[in-house]
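Note sheet for the following structure.
Residue numbers (the working numbering): 12 to 198.
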């Protein structure tokens with residue numbers, strides 16, 4: 012079990028819910044679910060050592076700034092260098108789109124996030140870089156994709172923003188939270 016007083020994701024979630032909803036949440040958890048939460052918390056322990064460098068570096072506005080901060084970091088050098096290498100192997104366009112989506116999704120509900128997820132998936136799968144990544148990794152097995160553009164600094168605002176535009180047809184429609192609550196089966 013987690014140490015007494017040790018912050019956990021579940022604890023953070025419960026603080027957000029408030030006392031009444033927390034009691035309801037906890038009474039519905041099965042022993043198996045509780046064990047999974049405890050197990051997840053223990054597996055997350057190595058990330059706690061990286062929390063400061065992750066916060067400092069990944070709070071940057073752009074992927075280029077994130078990479079610069081990782082390169083300049085004086086702590087967790089091995090992890091920072093491995094992370095930079097991982098980011099440099101990825102599509103610059105996909106990195107910028109993903110960063111923008113993560114920042115915007117904080118202000119969306121689940122329904123809105125899923126709609127945007129679908130837009131991004133559809134549009135990214137038709138982008139040159141998706142096809143190029145499949146070619147380089149699966150077909151040729153060269154591991155040397157030729158991204159277009161080749162650097163995150165060359166992606167540009169319009170190179171990111173159009174991915175978030177609604178799909179031309181068949182935009183996904185999901186019920187709102189209120190509509191879902193209206194459909195709940197009463198116990």
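Here a beta-carbon is modelled for each residue, glycine too, at the ideal position from N, C-alpha and C.
Just so you know, these numbers come straight off a predicted model, no measurement behind them.
Option nearest residue 153 by Cα separation, candidates 145, 43 and 77: It is 145 whose Cα lies nearest to the Cα of residue 153.
C-alpha distance - residue 173 paired with residue 30, whole-angstrom precision: A straight line joining the alpha-carbon of residue 173 with that of residue 30 spans about 42 Å.
Meets three-Cβ-pair contact criterion under 8 Å: the segment 133-143 and the segment 90-107: A contact exists between the segment 133-143 and the segment 90-107.
Buried/exposed call for residue 110, threshold 16 Cβ in 10 Å: Residue 110 comes out buried.
Element boundaries [alpha helix (DSSP H), containing residue 170]: If you look at residue 170, you'll find it in the alpha helix (DSSP H) that goes 168-172.
Nearest to residue 66 (by Cα), restricted to the options 77, 56 and 181: Comparing Cα positions, the closest option is 77.
Length of the line joining the Cα atoms of residue 175 and residue 42: Looking at the backbone, the Cα of residue 175 and that of residue 42 are separated by about 41 Å.
Rounded C-alpha distance that separates residue 180 from residue 130: The alpha-carbon of residue 180 is positioned some 11 Å away from that of residue 130.
Length of the line joining the Cα atoms of residue 61 and residue 163: If you take the alpha carbons of residue 61 and residue 163, they lie about 24 Å apart.
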